[in-house]
Each structure stands twice: as C-alpha cells, then as structure tokens.
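Below you'll find the structure, written out as structure tokens, and then a few comments.
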Amino acid sequence: MKEMEISFSEMARRARQTEIIKILARSSKIPDFISFAIGIPAPETVPVETLKKIADEILEREGLRALQYSDTKGNIQKTLVDFLAKDNIRTQEDEIVVTTGAIQGTFLATLALCDPEDIIVSEFPVYPINLQTFRMHVRKIIPVSMDEEGMIVDELVEKVNSLDKKPKFIYTIPDFQNPSGITMSLERRKKLVEFALEKGIFILEDTPYRYMRYEGERLPSLKELGGDIVIHVNSFSKTISTGLRVGYVVAPRELAEKMVSIKQWADFSTPLLNQLMISYFLEKGLWEEQMERIRKIHTSRLRAVLKALKEHFPEEVTWTEPKGGT
C-alpha cells in the first residue's frame, strides 16, 4: 500500500521539537539524573502532602463540579486580583485570563496579535519554547542582545527605528531570565517602558521566576511601570507545582477577551480542580510559607553550584551569578 504524502501547513512546517523536550524525555529514563537544561524546581519544594489535603477538601466540598468543564476565561480571577495587588499590579477580573501554564499565555498572546508578515522583537538568548512559538507565527524575529543589566534598550531602539513597520510586541523575561539568569535593572525597565509607550508597542513580560528572589531588593514589574502597554504572563508551575499547569495573563480587556476566544478552541478550559487548588493555596495563607521553603532550598543549591563552578572550571569560563530563579 502506497504511503500517504502529508501536506503540512506553513505553521506546521516551521514547528520543531525543542531540545528541552528531547532532553526531558531522555533524562526521565535515567535514575538520579540531574539536568541543568530544564527549569524544574527542586522536587522537595513541591508541597505534595499539602496539595493532597487541599484536593481532598475541595472534592469533599465541591464534588462533581470540581471535575467538570469550567469557564474558558477561568474561575479564580478574584483571588488573582488580590494576589497581584500585593505585587503592586492593579488589575480587574475581566483583564485576567487563566491559562494552562505560562507557555499557553505567550501562545495565546502571539496568536491574538500576530499575522505571518508581522514582526516580533525579542531579547537573545531566549527561552527556546517561546522562540518556537514566535517562529511558528511570524517570519521575522528581531534579536536584541543582553548584558549584565538585561536587554540592551539602546540596541532595541536603534533596531526598531530602522524597521519599515512597527513590531507587534517586545518579548522579555526581566526577572532571572531563562537561559541567562540575568535580571533587568530598574533603569533598563524604565527605559524600555518609556520607549514602548512612546512607540505604542506592547511589551510581553514573561515572569515565571519573579517571586523566586533569594537576595537583593524587589524590582517593580514592567506591568507595574507600564500598565496597559504590558502583557503580563506568569504561572504557579515554578512556585507550587509544574504538573498543575495553572498560569495567567493580565492584559487590556479587549485583548483578554480575544485570548479567551482563542483558548476555547485550544483546550476549552484549564482544569477547574487545579484552579481551585491554587486558589485555596493563596487564600489560606500558604503562599508565604511555600516561598520561604523554596528560598531556603534553592539558595543552598545555588551556592553549591557556584562553589563547584569556581572549583572545577578553568579561569577563562564565565557565568552569571543569579539572585533567584530555578
């Protein structure tokens, strides 16, 4: 029988499986293997017993409802509004979309804003899975270099001003960037927001590590500084559990509504039980205890890695000494 020839779409032809996924698949089969390629929190930071008790209580209280379909936009916006206010992010329930992890947030924003002929500007090096998302949706990505203060905004300004059309957004991970570990300085944050406001270009702020600071002073998020010019993406994967896959996007109301429409045909909704578990975790005051636990464990691991680098690597090798992240 003749094998059928498949004619892939342009988007599918640009899709590639990232090395991260390949490494994850291989390393999962090796006992006691420690991979530095994947941003997975230390296993002992996952509050397994606490989550088990929370799930039991929710199922006892909610019954079948917790296991049914839920609203596409999400069901825990009120909790998230209160949570974000503690980080000086002032928002409303209709500006929040609950997503299946932060990666989906970036995917939905890109799909809502970009056509193939559009332009995205991104810091480089860049998180490879989101780079894959960008490559699938647009044909032109403008790279901007980084230094010890994060994205070099002067280079960004020069490159954007030389373009024939305005980019749809500027992508950055300002806190403990993946893969560099660099945190954008306050001066750069202000300069980036000022330029984006001047040009009317969205900033896509990806912040999965924002609350994982182990030393130094808190810096304002780009969302706090820029308001509606910033699309703020985050999740609870690094801080509570990667497997629950609960994230969120804070965006202008009109954009949030369009992202909900797209999410309907992507996965319809983020599992309600998982959302309710996160909501319970935040409402019952367990967040602060969890973050202290993460800081203690990850600080110890970070010090061990830095010590090993200094002892075993030659002098010509350099590295970033991050103040947070995984």
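Per the working numbering, the very first residue in the sequence shown carries number 270; after that it's consecutive. Idealized CB from N, CA, C, for every residue including glycine. As the structure is a prediction and not an experimental result, all values here were calculated from the model.
State the Cα-Cα distance for the pair residue i and residue j, rounded to the nearest angstrom.
| i | j | result |
| --- | --- | --- |
| VAL350 | THR368 | 15 angstroms |
| GLU288 | ILE327 | 38 angstroms |
| ASP497 | PRO521 | 6 angstroms |
| ILE345 | GLN544 | 7 angstroms |
| TYR549 | LEU336 | 16 angstroms |
| ILE307 | LEU491 | 25 angstroms |
| THR379 | GLN361 | 22 angstroms |
| ALA535 | LEU400 | 19 angstroms |
| GLY343 | GLY516 | 10 angstroms |
| LEU571 | HIS581 | 15 angstroms |
| VAL317 | GLY469 | 44 angstroms |
| PRO436 | GLY554 | 41 angstroms |
| PHE505 | GLY495 | 23 angstroms |
| ARG487 | ASP475 | 16 angstroms |
| GLU590 | ILE563 | 18 angstroms |
| TRP556 | ASP444 | 19 angstroms |
| PHE471 | GLU561 | 33 angstroms |
| LEU466 | PRO412 | 20 angstroms |
| CYS383 | ILE275 | 26 angstroms |
What span of residues does the beta strand (DSSP E) with residue i cover, start to end?
| i | result |
| --- | --- |
| PHE582 | Segment: none, PHE582 is in no beta strand (DSSP E) and carries neither H nor E. |
| LEU513 | From DSSP, LEU513 is part of no beta strand (DSSP E); its letter is neither H nor E. |
| SER252 | The chain is shown from 270 up to 595; residue 252 falls before or after that span and cannot be answered. |
| ASP351 | No beta strand (DSSP E) holds ASP351; the alpha helix (DSSP H) holding it covers 346-354. |
| SER504 | 499-504 |
| LYS435 | It is not in any beta strand (DSSP E) - LYS435 carries neither H nor E in the DSSP assignment. |
| PRO397 | Not the beta strand (DSSP E): PRO397 falls in the alpha helix (DSSP H), residues 397-406. |
Ignore the nearest five residues each way along the sequence and tell me which others in residue i's own chain have a CB closer than 6 angstroms to its CB.
| i | result |
| --- | --- |
| PRO310 | LYS507, THR595 |
| TYR396 | ASN447 |
In terms of residues, what are the limits of the alpha helix (DSSP H) holding residue i?
| i | result |
| --- | --- |
| LYS612 | Outside the displayed range of the chain (270 to 595) lies residue 612, so it cannot be described from this structure. |
| LYS428 | 422-430 |
| GLU474 | No alpha helix (DSSP H) holds GLU474; the beta strand (DSSP E) holding it covers 471-475. |
| THR360 | Unbroken run through THR360: none, as it is neither H nor E. |
| ILE531 | 522-535 |
| LYS492 | 491-495 |
Report the option in the options whose CA atom is closest to the CA atom of residue i.
| i | options | result |
| --- | --- | --- |
| GLU424 | LEU461, ASP536, GLY370 | LEU461 |
| LYS409 | ASP536, LYS579, GLU474, ARG283 | ARG283 |
| LEU473 | ASN399, GLU580, THR441 | THR441 |
| HIS567 | PRO312, ASN447, VAL407 | PRO312 |
| PHE393 | MET280, SER414, ARG458, MET405 | SER414 |
| SER530 | PRO591, ALA381, ALA371, GLU331 | ALA381 |
| ASN503 | HIS406, ARG514, LYS459, ALA371 | ALA371 |
| GLU386 | ILE398, MET405, GLN373 | MET405 |
| PHE464 | VAL422, THR375, ALA577, PHE403 | VAL422 |
| GLU331 | LEU541, PHE438, GLU557 | LEU541 |
| GLU493 | ASP356, CYS383, SER296 | ASP356 |
| VAL574 | GLU584, TRP588, GLU561 | TRP588 |
| ILE290 | SER304, MET280, VAL315 | SER304 |
| VAL315 | PRO489, PHE376, THR511, GLU585 | THR511 |
Within a Cβ cutoff of 7 angstroms, which residues of the same chain sit near residue i, ignoring the five residues on either side of it in sequence?
| i | result |
| --- | --- |
| SER597 | The chain is shown only over 270 to 595; residue 597 falls outside these bounds and no answer can be derived. |
| GLU552 | THR348 |
| LYS434 | ILE388 |
| ARG482 | LYS592, GLY593 |
| ILE323 | MET546, TYR549, PHE550 |
| ARG334 | none |
Starting from the C-beta of residue i, find all residues in its chain whose C-beta is less than 8 angstroms away, skip the five residues before and the five after it, and write them out in chain order.
| i | result |
| --- | --- |
| ASP340 | SER538 |
| GLU364 | VAL519, ALA520, PRO521, ARG522, ALA525 |
| GLU456 | GLU418 |
Taking only heavy atoms of the ligand NAP into account, decide whether any of them is closer than 7 angstroms to the Cβ of residue i.
| i | result |
| --- | --- |
| PRO477 | With respect to the ligand NAP, the structure shown offers nothing to examine, as it has no ligands at all. |
Determine whether the Cβ of residue i lies closer than 8 angstroms to any Cβ atom of chain C.
| i | result |
| --- | --- |
| LYS435 | Protein chain content of the structure displayed is limited to a single chain, and chain C is not contained in it. |
Within the segment 297-322, ranges of the alpha helix (DSSP H) (whole runs, at least 4 residues): none
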